[in-house]
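Engineer: Residue numbers (my numbering), protein chains in the order written: chain A, 503 to 1250; chain Y, 120 to 406; chain E, 198 to 354.
Glycine is no exception: its CB is placed at the ideal position from the N, C-alpha and C atoms.
All figures in this text were calculated on a predicted structure; none of them were measured in a lab.
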Ligand SMILES: Cc1cc2nc3c(=O)[nH]c(=O)nc-3n(C[C@H](O)[C@H](O)[C@H](O)COP(=O)(O)OP(=O)(O)OC[C@H]3O[C@@H](n4cnc5c(N)ncnc54)[C@H](O)[C@@H]3O)c2cc1C
Ligand code: FES
Ligand code: FES
């Protein structure tokens, strides 16, 4: 659906900042999240997990646990269907291990009991016989031919022969003659980087309440970014029909991509089926870290050539990602995104994925992109320093723009990179003086943004109010944005619209809340559904006035005769039409079902000032500004919120967050005390500058905004730290011991 | 697990002695509850000491202060007099955890949990604090550095517990300070830490000093060589460098998820140097 | 072994039965149905379970339920009156200081305790006071602004 050029109207609702519909529930503690509901007679479930990073499961003896009074049911891998399709099979095996435990924390059995205490006691009585196998947790080690084999035979066809058995994936993107490009450069810099796996770190652990009867009918309440996807996966794993499983999404306490798949839901359903009782299953924080999806861990080589005056002549990157113990295609997105900000004559990226004994990767905000762009933006910064060029000027000079053939193939339409870079250049932050010991860093960021399957119903009530029913869990205020777009299109007040999120039995399929798709796709479907309803309301007015339907038009919330020839009738408002709808043909509703494309890519630029304590390696972030193209900021508060939240997650990634594995292959820091997400006192205010370069693919010009902001902080911070200490940092996170070591090594 | 909340010290000692299985004292519970949750300990009996007489009060005694074993960090931080006399001890205690943890955590619990990284302990050791121990026998006083004997282990005998910690009086021109290194600004466990307590003469020369390090050995280290490096000086750069070197030399840390041997050894010296300067200024010295 | 506990929650006398191992958070959520306090970690690291216990801010996951005997507990459910939100709650809505909202109950309880102690905090005071309340969505910027705006409003009230 194209951007409406006639929509160059003044927006009345879009762009305002009204309170969110779920606000009062959330500030009073009334909102119900995953763990907040109970059912009469329900059981509590707990999961037993492997303490070994890699082990053959020789036997599981549940008899002693089953004999414990109060234990009502136990399931193991044998209780789940193993689907033929590899995508579902991997999820099934991840949810409950079969013959092998593939990482520390892999589920091996689960118990449902009358109380949490009995369930916990039962876990201790399950005897699992393991045969411990050699393990590998490092991506570079896993690629080698002599590495312990995590899963054999999982390489896709594109992987060349002769690679190590853990290599599952290969991809390649680019255009032009790279060798020729490097030959034209005045300076070529080649560097290797490593980034640790990080976790989404949502504050709400996974939680669900399942109820399934012997005839295969089931209800599931859970915190998820996509109830329809949960339904598809659970129905497949349990061998039931989608129509029989109703999934309701609770309020969700953060997801960031990590709640786009399932971990515990099929287990709770299987236990409910087995026990004939509702089963509640809530993860502990330790389980969240050990067994839900972190990001890939990576090892990346980047080579870039530049002329003295700052023109990039060629770029090349080799990305080695590991998405844990299962094949993972995230490297594709990294390889595509790496050079997306640049207009290049010659560019080539290749990507590999290797299996390791780590948990199965799950999406995390712009999956795959932050790591690749961190490596590229670090090398660009090093070139700028070496050639004494202004880093923003160099990026402006080489920026991708409308008509650029992107590094991953498509040619860009209207994009906001140049405008974003220029806004950064003009901002007082860029020229503010720095004190001795302080440094400034910057980086570009990029994300594709998704569209996808979307379905919206819009009901016009007889009192002149409107209900919007959509199918995407609201992770950061999207109900407010959807209501704004409905109100805008219909020409009524925001207060007259209420948007709710439907369960899987009440609406058609919707893709998960991911890819920054909701405000864009659901917004588009809502506008279309509103137009559908408007068409029907115009029809009713036409009927009342006794004129042709085509002779009625909708303006300012009311039907009007289209012109002097149509007749002289006073306009009928939505409320007036709705009030008489029962007499004019019955209830009025609009619908729209679509597989949306036209998601506009989004670029951002981050600026950071910081200082490093050269005696301890501690970094203090002093000032931070985010510039980003939002296409159209429907509810600016929540656009800013995405920019700020994403930036801070990126700051955490850059400085302190990491999965730390011991030599024994076990996760050492499965808790918030040692998995160090930023706390309030670590941070300065996060300033935001929203740019609005309309997306041609959306009627109001909306672009997704949620993911791009996590991309630039990694390199922005690394570039600033490198400038502050005078040495290039090449590994994330830049924890104080790593920075101090780098300083010491440079001095020695 | 049984929970008891005795009303007298004698009753508490009796309960603890009578129990054959594992027991735990419950003060603020900020270690105990975490350990229970993780299944690290499964005590038969938990004895809550918060109702025992005097355990939640701070009283002046002989020019110093007797701090009840159930006094929380927040309560201690609100006491202006203790803060004035022993600012380093109070700031060390107030660094423990978050505001929420401060609402509960005690110095005695910090000491008896016997973590090498406990924040209040180096400051208490530098201050020469003394723990009063109750138990089946007569009460006895023990210097705090004698309580922890290794990670998670104390010198307390069966049925014994701490009822108060005594912070002594101190001469004029004295000051103390505590610094720790953590990767974030809050909510981390010390990677290395240092406490310095010192006294000056009228001319600003250091006449006495105690320097203690945390998180660089199985228990808190009282580093006499570091104190010797600054006694008799006005904390000139050369003295400070000697202090830092003595501190680094006294470290025997481990490599773990929080830091490396190399990092801890180096940073302990840096922190001691900085803490000494603060203590010196607090004592009225012109740095 | 079950223990019977009599306590006061948000000014109301209540009784519940619990096991000695149970945390106050478990009792509030499971025994009393007050699910406004959230469990983000169960080990004192996230602050989502923040409540006041006899006026002191604490993590309810680090308090035994039995310790509530005779105590006064304040939770997020006690912040608003029947017809009016607490100024902090209103400020959080006005400043969009929540995204997913799961950290919000704990942060509101903690911020209220701050403003009772210090009605005019600096931004740094707010940030350090709230360091034990993790928020993964907002980057804290709008939270600090909302607390300051509520503080200003409460000072002028
Ligand atoms: C989120 C979080 C952050 C933390 N951050 C820090 C930090 O920054 N620095 C730090 O040092 N610690 C930290 N801790 C650990 C803990 O808060 C401190 O060790 C605290 O001082 C313990 O005091 P408590 O009163 O809560 O002890 P409790 O948990 O009640 O007891 C701790 C141990 O000491 C024993 N004990 C308690 N009182 C006595 C007594 N009077 N006599 C004999 N034995 C006794 C108990 O049996 C138990 O073994 C943190 C904990 C959490 C949960
Ligand atoms: S649940 Fe209590 S602090 Fe996280
Ligand atoms: S709003 Fe989601 S954690 Fe704070």
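1) Check whether the Cβ atoms of residue 916/A and residue 904/A sit closer than 7 Å, and answer yes or no.
2) Helix, strand or coil: which one does DSSP assign to residue 509/A?
3) Using a Cβ cut-off of 7 Å (strictly closer), state whether residue 706/A contacts chain C.
4) On the three-state DSSP scale, how would you describe residue 873/A?
5) Which residues count as close to ligand 3 when the rule is a CB under 6 Å from any of its heavy atoms, in chain order?
6) Measuring alpha carbon to alpha carbon, tell me which of 738/A, 918/A, 939/A, 1041/A ends up nearest residue 1082/A.
7) Closest by CA to residue 321/Y, which one among 396/Y, 354/Y, 404/Y, 208/Y?
8) Just to confirm, does residue 317/E get its C-beta within under 6 Å of one of the non-hydrogen atoms of ligand 1?
9) Given the structure, does residue 673/A come close to ligand 2, in the sense that its CB is under 6 Å from one of the ligand's heavy atoms?
10) Please list the partners that residue 225/E has in chain Y, where partner means a Cβ-to-Cβ separation under 9 Å.
11) Mind checking the segment 1097 to 1118 of chain A against chain Y and listing, in chain order, the residues whose C-beta falls within less than 7 Å of any C-beta there?
12) I need the boundaries of the alpha helix (DSSP H) containing residue 1225/A, first residue and last residue.
13) Can you tell which of 398/Y, 244/Y, 169/Y has its C-alpha closest to the C-alpha of residue 323/Y?
14) Report yes or no: is there a C-beta of chain A within less than 7 Å of the C-beta of residue 311/E?
15) Determine the burial state of residue 198/E: buried for a count of at least 16 other Cβ atoms within 10 Å of its Cβ, exposed for fewer.
16) Would you report the Cα separation of residue 310/E and residue 1112/A, rounded to the nearest angstrom?
17) Closest to residue 319/Y by C-alpha separation, out of 368/Y, 329/Y, 270/Y, would be which residue?
18) Does the contact criterion of 3 or more C-beta pairs under 8 Å hold for the segment 782 to 795 of chain A versus the segment 751 to 767 of chain A?
19) Applying a beta-carbon distance threshold of less than 8 Å, which residues of chain Y neighbour residue 1162/A?
20) Applying a beta-carbon distance threshold of less than 9 Å, which residues of chain Y neighbour residue 596/A?
21) Can you name the residues of chain Y whose CB is closer than 9 Å to the CB of residue 264/E?
22) Hey, could you find the ends of the beta strand (DSSP E) residue 300/Y is sitting in?
23) From residue 508/A to residue 1201/A, what distance separates their C-alpha atoms?
24) Looking at chain E, is there any beta carbon in it that lies within less than 7 Å of the beta carbon of residue 226/Y?
25) Roughly how many whole angstroms lie between the Cα atoms of residue 543/A and residue 911/A?
26) Any idea which residues DSSP pairs residue 1122/A with across the strands?
27) Run the proximity test for residue 237/E: is its beta-carbon closer than 6 Å to any non-hydrogen atom belonging to ligand 2?
28) Return the residue from the list 747/A, 601/A, 715/A, 1125/A that minimises the CA-CA distance to residue 779/A.
29) Just by C-beta distance, which residues in the segment 742 to 760 of chain A are closer than 9 Å to chain E?
30) Helix, strand or coil for residue 212/Y? Go by DSSP, reduced to three states.
31) Going by DSSP, name the residue or residues bridged to residue 267/Y.
32) Within the 7 Å Cβ cut-off, does residue 316/E reach chain Y?
33) Taking only beta carbons into account, state which residues of the segment 1181 to 1204 of chain A come closer than 7 Å to chain E, listed in chain order.
34) I need the DSSP call for residue 1276/A, collapsed to helix, strand or coil.
35) Rounded to the nearest angstrom, what separates residue 291/E and residue 520/A at their Cα positions?
36) Answer with yes or no whether the minimum CB distance from residue 321/E to chain Y is below 7 Å.
Structural biologist: Checking against the coordinates, here is how it stands:
1) Working through the first chain from its first residue, we reach residue 916/A at position 414. Working through the first chain from its first residue, we reach residue 904/A at position 402. Contact flag set, yes.
2) Here residue 509/A refers to the residue found at position 7 of the first chain. At residue 509/A, the pLDDT of 48 sits below 50, so the modelled position is not reliable; the number obtained from the coordinates is stated separately. Looking at residue 509/A - three-state DSSP - the assignment turns out to be helix.
3) Of the chains in the structure shown, none is chain C; the protein chains are A, Y and E.
4) In the first chain, the residue the question calls residue 873/A occupies position 371. Secondary structure of residue 873/A (DSSP, three-state): helix.
5) Output, sorted by chain position: 705/A, 756/A, 295/E, 296/E, 297/E, 298/E, 299/E, 300/E, 332/E, 333/E, 334/E, 335/E.
6) Position 580 of the first chain holds residue 1082/A. Each of 738/A, 918/A, 939/A, 1041/A was checked against the Cα of residue 1082/A, and the nearest Cα belongs to 1041/A.
7) Translated into the one-based positions of the second chain, residue 321/Y becomes position 202. When C-alpha distances from residue 321/Y are compared across 396/Y, 354/Y, 404/Y, 208/Y, the shortest belongs to 404/Y.
8) Here residue 317/E refers to the residue found at position 120 of the third chain. Not so, every heavy atom of ligand 1 lies at least 6 Å from the Cβ.
9) Indexing the first chain from 1 puts residue 673/A at position 171. No, the Cβ of residue 673/A stays beyond 6 Å of every heavy atom of ligand 2.
10) For the purposes of this step, residue 225/E is taken as residue 28 along the third chain, with counting starting at 1. The contacting residues do not exist; residue 225/E stays about 15 Å from chain Y at best.
11) Against chain Y - using a Cβ distance shorter than 7 Å - the residues of the segment 1097 to 1118 of chain A are 1117, 1118.
12) Locating residue 1225/A in the first chain gives position 723, where the first residue counts as 1. That run of the alpha helix (DSSP H) goes 1214 to 1227.
13) The residue you call residue 323/Y lines up with position 204 of the second chain. Per the Cα distances, 398/Y.
14) Start at 1 with the first residue of the third chain, and residue 311/E comes out as number 114. By this cut-off, residue 311/E is not an interface position.
15) For the purposes of this step, residue 198/E is taken as the residue at position 1 of the third chain. Exposed, because fewer than 16 other Cβ atoms sit within 10 Å of the Cβ of residue 198/E.
16) If you number the third chain from 1, residue 310/E lands on position 113. If you number the first chain from 1, residue 1112/A lands on position 610. About 32 Å.
17) Here residue 319/Y refers to the residue found at position 200 when the second chain is read from its first residue. Closest option to residue 319/Y, judged by alpha-carbon separation, among 368/Y, 329/Y, 270/Y: 329/Y.
18) Flag = yes, the segment 782 to 795 of chain A and the segment 751 to 767 of chain A touch.
19) Taking the first residue of the first chain as 1, we reach residue 1162/A at position 660. Within chain Y, the residues near residue 1162/A are 376.
20) As a position in the first chain, residue 596/A is number 94, starting the count at 1. The contacting residues do not exist; residue 596/A stays about 24 Å from chain Y at best.
21) Counting from one through the third chain, the residue named residue 264/E turns up at place 67. Residues of chain Y passing the Cβ test: 122, 124, 145, 148, 167, 169.
22) On the second chain, residue 300/Y is found 181 positions in, with the first residue counted as 1. Looking at the DSSP string, the run of the beta strand (DSSP E) that includes residue 300/Y is 293 to 300.
23) The residue labelled residue 508/A in the question sits at position 6 within the first chain. The residue labelled residue 1201/A in the question sits at position 699 within the first chain. Interpretation of residue 508/A is limited by its pLDDT of 46, a score under 50 that renders its predicted location unreliable; no figure is taken from the coordinates.
24) Position 107 of the second chain, counting from 1, holds the residue named residue 226/Y. Closer than 7 Å to the CB of residue 226/Y there is not a single CB belonging to chain E.
25) Counting from one through the first chain, the residue named residue 543/A turns up at place 41. Counting from one through the first chain, the residue named residue 911/A turns up at place 409. One C-alpha to the other measures close to 57 Å.
26) Here the question's residue 1122/A lines up with position 620 in the first chain. BP columns for residue 1122/A point to 1113/A.
27) Residue 237/E sits at position 40 when you count from the first residue of the third chain. The nearest non-hydrogen atom of ligand 2 is less than 6 Å from the C-beta of residue 237/E.
28) One-based indexing of the first chain puts residue 779/A at position 277. Ranking 747/A, 601/A, 715/A, 1125/A by Cα distance to residue 779/A puts 715/A first.
29) Contact residues of the segment 742 to 760 of chain A toward chain E are 753, 754, 755, 756, 757, 758 (C-beta to C-beta distance below 9 Å).
30) Translated into the one-based positions of the second chain, residue 212/Y becomes position 93. Correct three-state label for residue 212/Y: helix.
31) Against the second chain, residue 267/Y aligns to sequence position 148. Residue 267/Y is bridged to 273/Y.
32) If you number the third chain from 1, residue 316/E lands on position 119. So, not an interface residue.
33) Listed by position, the residues of the segment 1181 to 1204 of chain A near chain E (Cβ gap below 7 Å) are 1181, 1182, 1183, 1185, 1187, 1188.
34) Outside the shown range of chain A (503 to 1250) lies residue 1276/A, about which nothing can therefore be said.
35) Counted from its first residue, the third chain places residue 291/E at position 94. Counted from its first residue, the first chain places residue 520/A at position 18. The straight-line gap separating the alpha-carbon atoms of residue 291/E and residue 520/A is approximately 8 Å.
36) Stepping through the third chain from its first residue, residue 321/E is reached at position 124. Closer than 7 Å: no.
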